[in-house]
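Structure first, commentary second.
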Amino acid sequence: MAERPSALGRQSEIYLAGVAGNTPTVPVDSARLEAAANEAMTEEAYAYVAGGAGSESTVRENRAAFERWRIVPRMLRDVSARDTSVELFGERLPAPVLLSPIGVLEMAHPDADVAVASAAAESGIPFIFSSQASRPMEECPSVMGGAPRWFQLYWSKSDALVESFVRRAEACGCSAIVVTLDTTMLGWRARDLDLGYLPFLRGKGIAQYLSDPVFAESLRGPLPEGPAAGARRTINLSSLRTFAELTRSHPGGFWKNVRRAEPLRAVQQFIGTYSRPSLTWDELPFLRSRTKLPIVLKGILHPDDARRAADCGMDGIIVSNHGGRQVDGAVASLDALPGVVDAVGGRMPVLMDSGIRGGADVFKAVALGARAVCLGRPYVYGLALAGAEGVGEVIRNLLAEFELTMGLAGCRSLAEVTRESLAGPHPLV
Numbered sequence: 000m001a002e003r004p005s006a007l008g009r010q011s012e013i014y015l016a017g018v019a020g021n022t023p024t025v026p027v028d029s030a031r032l033e034a035a036a037n038e039a040m041t042e043e044a045y046a047y048v049a050g051g052a053g054s055e056s057t058v059r060e061n062r063a064a065f066e067r068w069r070i071v072p073r074m075l076r077d078v079s080a081r082d083t084s085v086e087l088f089g090e091r092l093p094a095p096v097l098l099s100p101i102g103v104l105e106m107a108h109p110d111a112d113v114a115v116a117s118a119a120a121e122s123g124i125p126f127i128f129s130s131q132a133s134r135p136m137e138e139c140p141s142v143m144g145g146a147p148r149w150f151q152l153y154w155s156k157s158d159a160l161v162e163s164f165v166r167r168a169e170a171c172g173c174s175a176i177v178v179t180l181d182t183t184m185l186g187w188r189a190r191d192l193d194l195g196y197l198p199f200l201r202g203k204g205i206a207q208y209l210s211d212p213v214f215a216e217s218l219r220g221p222l223p224e225g226p227a228a229g230a231r232r233t234i235n236l237s238s239l240r241t242f243a244e245l246t247r248s249h250p251g252g253f254w255k256n257v258r259r260a261e262p263l264r265a266v267q268q269f270i271g272t273y274s275r276p277s278l279t280w281d282e283l284p285f286l287r288s289r290t291k292l293p294i295v296l297k298g299i300l301h302p303d304d305a306r307r308a309a310d311c312g313m314d315g316i317i318v319s320n321h322g323g324r325q326v327d328g329a330v331a332s333l334d335a336l337p338g339v340v341d342a343v344g345g346r347m348p349v350l351m352d353s354g355i356r357g358g359a360d361v362f363k364a365v366a367l368g369a370r371a372v373c374l375g376r377p378y379v380y381g382l383a384l385a386g387a388e389g390v391g392e393v394i395r396n397l398l399a400e401f402e403l404t405m406g407l408a409g410c411r412s413l414a415e416v417t418r419e420s421l422a423g424p425h426p427l428v
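Take 0 as the starting number for the sequence shown in numbering that gives the first Met the number 0 and just add one per residue.
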């Protein structure tokens, strides 16, 4: 991990480059960053990353919630030395920021998860490997050294596959397991539906499965019927293009895959097994008995669910509405955060995601009780624009703005970033 420049150092770096006529390749402003990524990505890729559920009111509300809270700076405090570090599950992190698990990163850049892992390691902040990764998790440690990494689990219908994923994550040096609870079914995503585009049906975002021995063994048996099965019965130019895309995505080489049915069989098996709508609290002891790693539940929004997570021996919570991608009209994550923090009463760390766009957002989330935040879409936009370097630029800008905001608000460490640092609406009870 390279030494991270201070906030003022990052500012100076950009301004001095400007003297020589060089402006950032990756825009600093979040709106310009997204607009530039939109231009760089295919229509399907941008829709998949930027889109939300239904009318996307939850996406908008996630941002509106941050606007409702205002920072109240305090004056004449010595903030010449600022410490943004935080301890999480026994690891000291340079800042209260992690990179969220995001699937199908190959839609943004061919280096996909490996590029993100490299950038995260350079900054020292954890990258949460996604179950829906474009590269097997085993490809990431070689570019990360000893940098922290977690693994995000979609709990499939196969307990054997769940256990295999966890074993692989442990072998890759992951220091926590994040269980995503809010995606037992796919949300109604209008942008993707209008394009008729689901990347998994084209073999994208299923690298963890294709590289898994339990999943490979499951391909020997009868396959479930599902959306992918119907694709075989419709032969036209579009379906042939899709078949070619699917064949290129599958390991083994294009011409070899053309002559066998395995790519389509793998997609059918994935679609039939990847999620478990019947998942309940009663299944959590199974996972608890399979790993000694901290287990973090992602998708908690209600205080009662937070209390239950603590009561059943879970180790952490991520307050999240999946970036507004699952339930249209859901409560904003930031609005839910204070109630969840109060409900667990310090029994476990509470993180949050959904709506983070800049350092001031990180400050507000920490002030409302988040131990750390998870950054999502912005780093994908950086990836689309400049690969690993683009992700690194987004991270450096976010951390610099957070440190600067903290100092200008009169705070020298995270311990001084409290609810008294903000003015705004009353938290949800």
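Glycine included, every Cβ here is placed at the ideal spot set by N, Cα and C.
Next item on the list: Would you check if the distance between the CB atom of valine 390 and the CB atom of leucine 382 is smaller than 7 Å?
Entry: yes
Check: Can you give, in chain order, each stretch of the alpha helix (DSSP H) that sits fully within the segment 97-158 and has at least 4 residues?
Finding: 111-122
Checklist line | Residue range of the unbroken alpha helix (DSSP H) whose run includes arginine 346 | finding: No alpha helix (DSSP H) contains arginine 346, which DSSP labels as neither H nor E.
Notebook entry, point to check: Should serine 99 go down as buried or exposed, given a rule of 16 or more other Cβ atoms within 10 Å for buried?
Noted result: buried
Checklist line | N-terminal and C-terminal residue of the beta strand (DSSP E) that isoleucine 316 is part of | finding: 315-318
Check: Does the distance from the C-beta atom of leucine 296 to that of valine 178 stay below 7 Å?
Finding: yes
Check: In whole angstroms, what separates the C-alpha of alanine 16 from that of alanine 36?
Finding: 22 Å
Notebook entry, point to check: Taking the Cβ atom as the reference point for each residue, do valine 113 and arginine 134 lie within a distance shorter than 7 Å?
Noted result: yes
Margin query: Can you list, in chain order, the residues of its chain with a C-beta nearer than 7 Å to that of serine 163? Leave out the 5 residues immediately preceding and following it.
Written below: Asp211, Pro212 and Val213
Notebook entry, point to check: Can you tell which of Leu403, Pro93 and Lys156 has the C-alpha that lies nearest to the C-alpha of arginine 268?
Noted result: The sequence as given places glutamine at residue 268; arginine does not occur at that position. For the residues Leu403, Pro93 and Lys156, the minimum Cα distance to glutamine 268 belongs to Lys156.
Check: Should glutamate 402 and valine 25 be called a contact, given that it needs their Cβ atoms to be closer than 7 Å?
Finding: no
Note to self: For the pair the segment 318-328 and the segment 195-210, tell me if three or more CB-CB distances fall below 8 Å.
What the structure shows: no
Notebook entry, point to check: Which word fits threonine 57, buried or exposed, when buried means at least 16 other C-beta atoms lie within 10 angstroms of its C-beta?
Noted result: buried
Note to self: Considering only the alpha carbon of each residue, which of Gly368, Glu105, Asp158 and Thr41 lies closest to alanine 387?
What the structure shows: Glu105
Check: Do tryptophan 154 and arginine 275 come within 7 Å of each other at the CB atom, strictly closer than that value?
Finding: yes
Next item on the list: Could you give the DSSP three-state label for glutamate 400: helix, strand or coil?
Entry: helix
Item checked: isoleucine 270 versus tyrosine 380 - alpha carbon distance -> 27 Å
Note to self: Could you tell me the alpha carbon to alpha carbon distance between glycine 409 and valine 78, rounded to whole angstroms?
What the structure shows: 6 Å
Check: When you compare only the Cα positions, how much space is there between tryptophan 280 and valine 115?
Finding: 32 Å
Notebook entry, point to check: Is DSSP giving glycine 358 helix, strand or coil here?
Noted result: helix
Note to self: For a minimum of 4 consecutive residues, which ranges assigned as the alpha helix (DSSP H) are wholly contained in the segment 171-216?
What the structure shows: 189-194 and 206-209
Margin query: Here's the rule I'm using: 16 or more other beta-carbon atoms within 10 Å means buried, otherwise exposed. How should asparagine 21 be labelled?
Written below: exposed
Check: CB phenylalanine 126 to CB alanine 132, shorter than 7 Å?
Finding: no
Check: So, do the segment 344-352 and the segment 62-81 have three or more beta carbon pairs nearer to each other than 8 Å?
Finding: no
Note to self: I'd like the list of long-range same chain contacts for arginine 62, defined as Cβ closer than 6 Å, with 5 residues on each side in sequence excluded.
What the structure shows: Gly354
Note to self: Let me confirm a value: tryptophan 149 is counted as buried when at least 16 other C-beta atoms fall within 10 Å, else exposed. Which label applies?
What the structure shows: buried
Next item on the list: Classify methionine 143 as buried or exposed, calling it buried when 16 or more other Cβ atoms lie within 10 Å of its own Cβ.
Entry: buried
Notebook entry, point to check: Comparing alpha-carbon positions, which option in Thr41, Val330, Cys173 and Glu419 lies nearest glutamate 60?
Noted result: Val330
Next item on the list: Return helix, strand or coil for lysine 363, following the three-state DSSP convention.
Entry: helix
Next item on the list: Would you please state the rounded distance, in angstroms, between the beta carbons of leucine 413 and threonine 83? I believe it to be under 8 Å.
Entry: 7 Å
Notebook entry, point to check: Between alanine 34 and phenylalanine 88, what straight-line distance do the alpha-carbon atoms span, to the nearest angstrom?
Noted result: 36 Å
Next item on the list: Taking the CB atoms as reference points, tell me whether valine 96 and leucine 374 lie closer together than 7 Å.
Entry: yes
Checklist line | Closest Cα partner of threonine 182 within the set Glu66, Tyr208, Leu200 and Ile299 | finding: Ile299
Margin query: Strictly by DSSP, which residues pair up with aspartate 82?
Written below: Ser412
Next item on the list: Please go through the same chain and pick out, in chain order, the residues whose beta-carbon is closer than 7 Å to the beta-carbon of isoleucine 124, but skip the five residues on each side of it.
Entry: Leu92, Pro93, Ala94, Val96, Leu97, Leu98 and Ile394
Margin query: Can you give me the C-alpha to C-alpha distance between alanine 230 and glutamate 261, rounded to a whole angstrom?
Written below: Note that alanine 230 scores a pLDDT of 48, beneath 50, so its modelled location is shaky; the value from the coordinates is reported in the next line. Cα to Cα, alanine 230 sits roughly 14 Å from glutamate 261.
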